[in-house]
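Residue numbers (full-length UniProt numbering): 1 to 678. Each residue gets a CB set at the ideal place from its N, CA and C atoms; glycine is no exception. This structure is a prediction, so every number in the text was calculated from the model and none was measured. Notes follow the structure.
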Ligand code: WTA
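Next up, the structure:
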């Protein structure tokens with residue numbers, strides 16, 4: 001074994017579900033060799049209204065040349081995910097167990113909800129959705145802050161067989177409109193407003209704009225249900241017991257919420273006198289559970305579709321093993337529910353295991369930079385799951401804010417969203433984990449449904465920066481440019497030739513695109529779009545995207561989608577966007593702009609463009625640099641040579657061979673034009 005390996009802490013290993021690498025290999029081999037046996041043992045812990053057939057447990061085709069790509073697990077079986085997450089746990093005596101602690105943006109706002117209460121609320125809201133005409137298969141869009149109602153809405157959809165389509169509440173009204181029109185949602189569920197730090201965001205106003213814009217795409221949202229969140233915050237400040245009391249105590253500070261009668265309804269009015277019970281709709285294991293948009297390299301977002309049975313098994317199993325979850329633990333994932341991490345590891349995975357988790361509405365920096373550490377101390381969090389960008393941002397403040405808090409409860413620290421640099425890994429390990437915690441650097445994607453390459457706590461010797469080994473049922477393969485499999489040490493395209501239960505099934509309404517994006521480059525393989533290296537000990541190191549996608553603070557986006565927004569500006573002739581390394585965000589957007597003939601590039605144009613991207617996509621997509629480009633480096637066939645632009649962005653004059661450029665002089669011009677200090 002090479003140097004720089006951190007062995008698991010022995011006290012964790014003793015109690016871990018998987019105690020050694022030998023044990024891991026045994027289970028991993030079984031998952032690949034006796035796949036149906038392995039997963040059916042897990043499936044047997046859940047309720048199936050119509051049982052699955054062990055002899056026909058799964059089927060797939062990954063080879064486009066042999067017919068349509070398809071993946072099916074437990075087809076023919078019926079179940080209900082909500083039933084398995086709530087009713088089953090309540091029946092097993094866990095009704096009074098806390099499902100979620102809620103920690104508001106303001107430390108004075110907090111609350112909790114038990115499994116029994118969550119089930120009751122979900123039943124009530126299921127009845128509300130039914131009363132609005134939502135039936136099995138209908139899509140329900142969700143644009144909400146991190147409050148209990150977002151979980152209630154998701155599970156209500158699952159209960160009645162509707163498909164939720166969450167749009168992260170940091171997306172712009174344009175992005176929301178485009179996604180609502182694409183999924184043709186019948187209902188939109190949202191909230192009046194929310195505080196992020198000391199900033200008030202009026203979410204409902206933004207939804208109104210989005211619903212109007214969706215009409216331009218030919219789609220009308222018939223119903224919008226709105227949670228009155230803000231007055232509740234003011235009320236809890238006054239009563240300071242932090243619980244969500246009865247609706248009657250809500251002070252109406254919000255008569256100015258924009259409203260359309262006949263379309264808009266208050267959540268609390270609708271919930272007032274509905275039945276607190278609702279029989280679950282039994283759906284097929286391959287019926288859709290939810291869809292979630294992710295960026296596509298051609299610009300238009302892709303509606304990744306996940307189905308019922310396989311996703312349930314995979315979210316539940318990865319949660320149990322990757323966080324080494326045991327009853328009594330308090331787990332906290334900081335991801336917003338609007339991303340896949342929030343779906344699988346705030347909601348579905350933890351509830352499937354009957355876990356107690358924290359839902360956090362705020363930011364790591366409010367009211368001070370020790371907020372994460374104070375929440376860990378307050379709830380005695382045992383597993384903490386966050387993103388490298390947050391770790392890097394918090395490292396800046398040194399150890400002082402950390403030292404003020406007791407973090408002894410921690411056992412497992414997770415990382416997700418982008419490669420974690422060894423420096424951040426070590427800081428996390430030493431200062432947060434006090435060298436006693438395992439770090440789970442989890443590699444996965446919206447498309448994979450759950451973790452696919454990850455260490456297991458108490459089991460895997462850790463190498464900072466390596467996601468290490470595949471999860472059960474997963475066999476990573478590296479391919480070279482010609483599609484040949486690379487054995488042993490090497491680097492190439494990270495692909496898979498066999499499905500695990502949680503992999504996506506299609507792109508909503510566009511199976512063609514699903515096949516062409518993921519399965520056409522190398523027939524027979526699912527292509528992740530990432531590159532990876534396997535080292536001499538068999539560890540995988542994900543090296544980053546091999547397509548025109550970039551990852552800003554863990555948010556995946558495509559250069560094409562930003563370019564198309566920039567070129568919409570009337571003064572812009574052409575735009576090219578590249579990624580530049582950033583000390584906190586991981587990567588950031590560096591944009592080259594060629595103005596229209598006769599237009600002068602001014603600081604005002606530059607700030608208009610930044611604003612435009614912010615408003616069209618969302619604040620997280622804000623470009624760091626806008627540079628004037630009198631021309632772009634193009635080959636004679638007109639293709640932009642992006643590697644040259646990446647060199648300009650980092651001010652590295654080693655641009656390599658540029659002899660195929662139509663005009664080589666442009667490269668020098670671009671270096672000259674670099675804005676100062678960037
Ligand atoms: C990147 C987030 C390296 C990768 C769960 C992937 C990572 C994309 C890691 C998916 C990791 C995520 N190490 N890279 N541990 N985790 N990525 O769909 O490029 O938002 O393809 O899912 O994030 O982003 P997505």
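CA-CA distance, residue 108 to residue 199, rounds to 17 Å. Remark: the C-beta of residue 533 is outside contact range of the ligand WTA, defined as less than 6 Å to any heavy atom.
Under DSSP, residue 216 takes part in no beta bridge, so it has no partner. Minimum Cα-Cα distance from residue 58 among the listed residues 505, 328, 87, 149 corresponds to 505. Residue pairing from DSSP places residue 544 in a beta bridge opposite 531.
Selection 260, 643, 665 evaluated against residue 656 yields 643 as nearest (Cα-Cα). Look at residue 419: its beta carbon is less than 6 Å from one of the heavy atoms in the ligand WTA.
In the three-state DSSP reduction, residue 141 falls in the strand class (E or B). Nearest neighbour of residue 24 by Cα position, chosen from 638, 358, 458, 629, turns out to be 458.
For the 7 Å CB-CB criterion, residue 278 and residue 126 form a contact.
Under the criterion of beta carbons closer than 8 Å, residue 355 and residue 329 qualify as touching, at roughly 7 Å. Not one heavy atom of the ligand WTA lies closer than 6 Å to the C-beta of residue 540.
Listed in chain order, the non-local C-beta contacts of residue 227 below 6 Å within the same chain comprise 149, 191, 267, local neighbours out to five positions each way being set aside. Across the set 639, 435, 447, the C-alpha of 447 shows the shortest separation from the C-alpha of residue 499. Between the C-alpha atoms of residue 495 and residue 518 there is a straight-line separation of about 9 Å.
Looking at 94, 106, 405, 82, the one whose alpha-carbon comes closest to that of residue 122 is 82.
Nearest C-alpha to residue 333 among 342, 522, 544: 342. The beta-bridge partner set that DSSP reports for residue 478 consists of 494. Straight-line measurement puts the Cα of residue 64 at about 6 Å from the Cα of residue 523.
Note on residue 602: under 16 other CB atoms within 10 angstroms of its CB, so exposed under the neighbour-count rule. Residue side-chain check: residue 505 keeps its Cβ at 6 Å or more from all non-hydrogen atoms of the ligand WTA.
In the three-state DSSP reduction, residue 577 falls in the strand class (E or B). Looking at 553, 599, 663, the one whose alpha-carbon comes closest to that of residue 336 is 553. Put simply, the region 113 to 122 does not touch the region 372 to 390. Fewer than three CB pairs are less than 8 Å apart. Look at residue 45 here: in three-state DSSP terms it is coil, with no helix or strand label. Spatial neighbours of residue 52 in its own chain (CB-CB distance under 8 Å, excluding positions within 5 residues in sequence) are listed in chain order as 40, 43, 74, 76, 77, 285, 309. Judged by DSSP secondary structure, residue 112 falls within the beta strand (DSSP E) whose first and last residues are 110 to 114.
Take residue 489, set aside five residues on each side of it, and the residues of its chain with a beta-carbon closer than 7 Å to its own are 534, 535, 536, in chain order. Among the bridge pairs identified by DSSP, residue 196 is matched with 199.
Distance from the CA atom of residue 297 to the CA atom of residue 590, rounded to whole angstroms, is 17 Å. Using a cutoff of 6 Å, the CB of residue 545 counts as near the ligand WTA, since one of the ligand's heavy atoms is closer than that. Within 6 Å of the C-beta of residue 294 there is at least one heavy atom belonging to the ligand WTA.
By the CB criterion at 7 Å, residue 666 and residue 633 fall inside the cutoff.
Residue 178: member of the alpha helix (DSSP H) spanning 173 to 183, first to last residue. In the DSSP secondary-structure assignment, residue 70 is bridged to 61. According to the DSSP secondary-structure assignment, residue 470 is paired through a beta bridge with 453.
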